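A short worksheet on the structure shown next.
Protein chains: 2
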Amino acid sequence: MKPTLSIDGPRLYASLQALGEIGAYEDPYSGLRGVCRLAFSAADGAGRRHVVAEMRAAGLEVTVDRIGNAFGRRRGTNDALRPVMMGSHIDSVATAGRFDGCLGVLAGLEVVRSLNDAKRETLRPVVVAFFSEEEGARFSTDMLGSAVATGRIPLERAYALRDPAGRSVKEELDAIGFRGDADERLTPPHAYLECHVEQGPVLRAANCDIGVVLGVQAICWHELLIIGKSAHAGTTPMSLRADAGVAAARINVRLREMVASGRFGAELRATMGVIAPHPGLVNVVPGRVVASVDIRNPDDGVLERAESELLLFYEEVAREEKVTITHRQTARTPFVPFADTVRARVDAAAEARGLWRQAIVSGAGHDAQEMARVCTAGMIFVPGEYDGISHNPRELSTPEQCANGGNVLLDVLLSFADEAEGA
Amino acid sequence: MKPTLSIDGPRLYASLQALGEIGAYEDPYSGLRGVCRLAFSAADGAGRRHVVAEMRAAGLEVTVDRIGNAFGRRRGTNDALRPVMMGSHIDSVATAGRFDGCLGVLAGLEVVRSLNDAKRETLRPVVVAFFSEEEGARFSTDMLGSAVATGRIPLERAYALRDPAGRSVKEELDAIGFRGDADERLTPPHAYLECHVEQGPVLRAANCDIGVVLGVQAICWHELLIIGKSAHAGTTPMSLRADAGVAAARINVRLREMVASGRFGAELRATMGVIAPHPGLVNVVPGRVVASVDIRNPDDGVLERAESELLLFYEEVAREEKVTITHRQTARTPFVPFADTVRARVDAAAEARGLWRQAIVSGAGHDAQEMARVCTAGMIFVPGEYDGISHNPRELSTPEQCANGGNVLLDVLLSFADEAEGA
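Residue numbers (numbering that gives the first Met the number 0), protein chains in the order written: chain A, 0 to 422; chain B, 0 to 422.
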C-alpha cells in the first residue's frame with residue numbers, strides 16, 4: 000500500500016540544526032562545531048525549553064514528570080485510549096554531534112506537524128517524549144529518565160546520584176527548572192517507537208536506508224578503583240613500585256586484546272573511556288587510578304564469559320602490580336529484544352516506500368530498551384556518514400537519511416495510532 | 000679530627016614538623032597526614048612566610064629575588080668574601096611528606112642557629128636559601144628557581160609559564176607576595192651545599208647513615224599529545240577506532256617492559272605520571288590524551304638509547320593505532336657530577352663522626368645540579384624509612400638520620416666558610 004502522507008524532510012533537518020546550536024562549541028581538534036548538552040546542564044535546560052516551546056507551537060499539551068521527562072500530547076478521536084508514544088532524548092555526551100537522540104524527538108515532532116498540516120486525526124492520542132540523562136555521561140547511569148519512568152530505578156535513588164563535581168540530580172533538575180510534578184511512573188502507552196541514528200558503520204556500508212532493529216546488545220560497565228602507592232618517579236626502583244597507572248594500562252591493553260583475538264567472536268566491544276590517575280604529576284608514580292570499562296555483545300552468554308575473564312584478569316594484575324583493584328558494576332543489561340509487531344511494521348513501511356532495509360542489533364543502549372519492559376516497543380535506525388561515527392562532532396546523517404527515518408516513523412505511528420484496543 | 004660543634008637534632012626535627020603542618024592534609028587512603036604545598040599556592044606562601052620569619056629570628060638578613068628565591072645571610076668576619084650557601088626548596092608535590100627539600104633548608108637554618116648558640120663566627124658569610132618551584136609539579140618545569148638564578152632559564156620565560164588552570168608564574172608570585180626585587184641572577188657563592196633525603200631505598204637497605212652524592216642521574220621528560228578519534232563505545236568496531244587511550248596504555252606498558260627487560264641495565268626508571276583522556280567518559284572512545292613520560296638513568300648514553308627506542312615506539316603505536324603522537328621535551332638534563340672537593344669533605348666529615356657512608360648517584364633532580372654549573376657544589380643524602388618512599392605522605396627520616404645529615408652539613412659548611420679565597 001503506497002503511503003499517502005509524508006513528513007517535511009527539510010523542516011525536520013532545519014529543526015535538527017536549530018537544536019544543535021544550543022550547547023554548540025568549536026572543536027579545536029576537528030575544526031567542527033560540536034554539541035555539549037550534558038544532562039541538566041544550563042545548555043540542556045536551554046535545549047529543553049526550546050523543544051518544549053516547539054511542542055507547544057505544534058499544539059501539544061506538555062507535562063514534565065518528577066525526573067524531568069517531558070511529554071507533548073496530541074488528542075485522539077477516542078482520547079481515552081492509551082496513546083502511542085514517539086521519543087528519545089536530547090541530552091548529549093560532552094563531545095557530541097547533532098543527531099544522537101535529537102532525531103528521535105524531532106522526527107516525532109515532525110510527524111505531529113505533518114499530521115497537523117494534513118488535518119489528519121488519529122484514533123489514539125499521540126505523545127512525543129524526551130527522557131532525561133539517557134547518556135549517563137554526567138551521572139554515570141544511562142537511560143536514567145526512562146528507567147525511572149518504567150520503574151527500574153526508584154525516584155529517590157535517581158535524585159541522589161551525584162556528578163563528579165558532587166552535584167545531585169535533584170539539585171540540578173531544580174536548577175534548570177525541570178523537576179516537574181507529574182507522577183514519574185509512566186502509564187504504559189499502547190506502543191513506543193524510537194527513530195535513531197545507527198551510531199555504527201553497518202547500514203552505510205551496506206548502502207541501506209533503514210535498519211529494522213532486532214534489539215539492543217547486552218552491556219556491562221565497571222567502575223574500577225585501583226590503589227597502589229604514589230612514589231618518586233626518579234628514585235623508586237620498579238621492584239618497589241605499586242603503579243596504579245600501569246595496572247590500568249594493562250587492563251586497557253587486555254580489553255583491546257580480548258577483541259582482537261576473536262575468542263569472543265567478532266561482535267565484542269570493549270572500551271576504557273575514563274582513566275584518572277592521582278596525583279597525575281609527571282614525576283610521581285600514580286598511587287591511585289579511577290577507570291571505567293565498557294563491554295558489549297549481542298549475546299548475553301558471550302558477554303558473561305568476557306566479564307568473567309576480565310574479573311580474573313583484574314585479580315592477576317592486582318597480584319602482579321601489587322595494587323588492589325575493586326570494581327563496581329555501574330550498568331548491566333542483558334540483550335533486549337524488540338516487539339515482533341514493530342519490527343514487522345517497520346519492515347513493511349520501508350518496503351512500501353521503496354527503501355532498502357536490513358535487520359540490525361543496536362550497539363548502543365536506548366530509552367526504547369527501558370520502554371520494552373512495559374509496552375510494545377521498537378526502533379528505526381537511519382545510517383550515518385563517516386562509518387556512522389557518533390559521540391563526536393563529525394556525526395552526520397544526511398537530510399535524505401533523516402527524512403527516510405521520519406517517514407517510516409510516521410507510517411508505523413499511524414498503524415499503531417489507528418488500531419483499537421486489543422487489535 | 001673530632002668535631003667540636005654539633006647541631007641540636009631535636010630542634011631540627013621540631014622545625015621539620017612545624018613546617019610540615021603548613022599545607023598539611025589528611026590522606027584518606029593511607030590515613031596519614033600529608034603535605035601539599037604546590038609552588039606559589041597559598042600554602043606555599045604560608046610556608047615561605049614561616050621560614051622567612053625563622054630566618055629573621057636566627058639573625059639572618061633576608062632578600063627575595065624576582066623569581067621568588069629567598070636568601071638569609073649571616074655576616075662573615077671578612078664579609079666581602081663570597082658566601083657559602085646551604086639550601087634546597089620548600090615547595091612540594093601534591094601528595095608529599097615533610098622531608099623532601101625542607102630538610103636541606105631547615106638543616107641549613109639549624110647550622111646557623113648552632114653557630115649562633117656557640118657564638119662561632121666564620122670567615123665568609125653564610126647563606127641559607129630556598130629556591131622556587133623545584134618540583135615542577137605545578138608549572139611542569141622543575142628546578143625553576145635555581146635555573147633562573149643560574150641563568151639557564153630567562154626570567155621572562157619563567158614568568159610566562161602557566162599551570163593547568165592557566166595561571167602564570169608571575170601572577171602567582173604576586174598573589175603570594177613573593178615576587179621580590181633582588182636581581183634574579185645570583186652572584187655565584189664560594190660553595191653550595193645541599194642536604195636531602197635520598198628518596199630511594201639504597202642507603203636504608205645498606206644500613207648507611209650518609210650518602211656521598213656523586214652526581215644527579217640524567218633525566219628526560221616528554222609531554223605527549225595523542226590525537227585519535229572520539230567515538231561511540233558501544234557501536235564503533237575496533238577496526239574503525241583510533242583510541243588515544245589505548246595508545247597511551249601501550250606506551251605505559253612499554254615503559255614497564257623497557258625496565259623489566261634489563262636491556263638498559265638495572266638503573267633505568269620510567270614512569271607515566273600524567274594520563275588525561277578526553278572526553279573521559281565511560282561510553283566514549285578517548286579521542287585525545289595528554290600523557291607524560293619520565294625516564295632517568297645515571298648514564299647519559301643509556302638514557303639516550305632509551306629515548307631513541309621510545310621515539311621509534313611512539314611512531315609504531317601511532318601507525319598501529321591510527322593516532323598521531325606528538326611529543327615535547329619538557330626536561331632534559333645530562334648526568335651532573337658534583338665537585339670532588341665537596342665529595343671528599345662529606346666523606347671525611349662522616350668518617351670523623353663515626354658514621355657509615357656510601358657513594359650514591361641521585362635518582363631525583365635537585366637545585367644543587369643547577370648550582371653546580373656556576374660554583375663548587377655537592378650534596379649530602381640521608382636515608383629514608385619504608386624503602387625511602389618519597390612524594391608520598393609515608394615519607395619518613397628519623398630524628399637521628401636527620402641529625403646526622405645536619406651535622407655533616409655543619410662540618411662541611413665550616414670547612415668551606417673558613418677558607419680564604421683561592422684555598
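Using N, Cα and C, we set each Cβ at its ideal position, and we do this for glycine too.
Quick caveat: nothing in here was measured; it's all calculated off a predicted structure.
Query: Contact set between M378(B) and chain A, taken where Cβ atoms lie within less than 7 angstroms; Result: Those within 7 angstroms of M378(B) in chain A number zero; the least Cβ separation is about 13 angstroms.
Query: Min CB distance P297(A) to chain B below 7 angstroms; Result: no
Query: Residue from P382(B), Y191(B), R47(B) with nearest C-alpha to A204(B); Result: P382(B)
Query: Interface flag, A363(B) vs chain A, CB-CB below 7 angstroms; Result: yes
Query: Chain A contact for H231(B) (CB, 7 angstroms cutoff); Result: yes
Query: Alpha helix (DSSP H) runs wholly inside the region 100 to 149 of chain B, at least 4 long, in chain order; Result: 101 to 116, 143 to 148
Query: Proximal residues, the region 129 to 143 of chain A versus chain B, C-beta separation under 8 angstroms; Result: E134, G135, A136, S139, D141
Query: Stretch pair the region 379 to 399 of chain B + the region 188 to 204 of chain B: three plus CB contacts closer than 8 angstroms; Result: yes
Query: Residues of its chain near T323(B), where Cβ-Cβ distance is below 7 angstroms and the 5 sequence neighbours each way are ignored; Result: I226, A317
Query: Chain B residues whose Cβ lies nearer than 7 angstroms to that of Q198(A); Result: H231, T234
Query: Burial state of D293(B), where buried means 16 or more other Cβ atoms lie within 10 Å; Result: buried
Query: Minimum C-alpha distance to S238(B) - residue among V258(A), M237(A), S238(A), R240(A); Result: V258(A)
Query: D293(A): contacting residues in chain B (beta-carbon distance under 8 angstroms); Result: A232, G233, V281, N282
Query: Nearest-angstrom Cα separation, counted from C35(B) out to S95(B); Result: In the sequence under discussion, the amino acid at residue 95(B) is Ala, which differs from the Ser named in the question. Roughly 6 angstroms separates the two Cα atoms.
Query: Check whether P392(A) and S29(A) have beta carbons under 7 angstroms apart; Result: yes
Query: Within chain A, the residues that R203(B) reaches when beta carbons sit closer than 7 angstroms; Result: Those within 7 angstroms of R203(B) in chain A number zero; the least Cβ separation is about 11 angstroms.
Query: R73(A), enclosing beta strand (DSSP E) - first and last residue; Result: 69 to 73
Query: Cut-off 7 angstroms between Cβ atoms - residues of its own chain near N115(B), not counting five sequence neighbours on either side; Result: A57, G58
Query: W355(A): CB within 6 angstroms of a non-hydrogen atom of the ligand NAP; Result: In terms of ligand content, the structure shown is empty, and the ligand NAP therefore cannot be addressed.
Query: Start and end residues, alpha helix (DSSP H) containing Y313(B); Result: 299 to 320
Query: CB contact below 7 angstroms: T121(A) versus chain B; Result: no
Query: Cβ neighbours of A275(B) in the same chain (closer than 8 angstroms, five flanking residues each side left out); Result: V288, V289, A290
Query: Partners in chain A for L433(B), counting only beta-carbon separations shorter than 7 angstroms; Result: The requested residue 433(B) is not part of the displayed model; chain B covers only 0 to 422.
Query: Residue-chain proximity (R268(A), chain B), Cβ-Cβ < 7 angstroms; Result: yes
Query: Segments of 4+ residues assigned as alpha helix (DSSP H) that fall wholly inside the region 322 to 378 of chain B; Result: 339 to 351, 366 to 370
Query: Coil, strand or helix - F380(B) by DSSP; Result: strand
Query: Own chain, CB closer than 7 angstroms to V373(B), minus 5 neighbours either side, in chain order; Result: T149, P187
Query: Inter-stretch contact (C-beta, 8 angstroms, three-pair minimum) for the region 292 to 310 of chain A and the region 215 to 232 of chain A; Result: yes
Query: Neighbourhood of L15(B) by C-beta, 8 angstroms cutoff - its chain only, sequence neighbours within 5 removed; Result: R97, F98, C101, L102, L105, C401
Query: C-beta neighbour in chain A for H390(B), strict 7 angstroms; Result: yes
Query: Chain B residues whose Cβ lies nearer than 8 angstroms to that of Y28(A); Result: I226, G286, R287
Query: 9 angstroms Cβ cut-off: residues of chain A touching T94(B); Result: S229, H277, P278, L280, V283, G286
Query: First and last residue of the uninterrupted beta strand (DSSP E) at P276(A); Result: 274 to 277
Query: Chain A contact residues for I274(B), given Cβ-Cβ distances below 7 angstroms; Result: G244, I274, P276
Query: Cβ of Y251(A) within 7 angstroms of any chain B Cβ; Result: The sequence as given places Asn at residue 251(A); Tyr does not occur at that position. At least one chain B Cβ lies under 7 angstroms of N251(A).
Query: Whole-Å CB distance - A376(B) paired with A363(B), under 8 angstroms assumed; Result: Contact doesn't hold; Cβ gap of about 16 angstroms is too wide.
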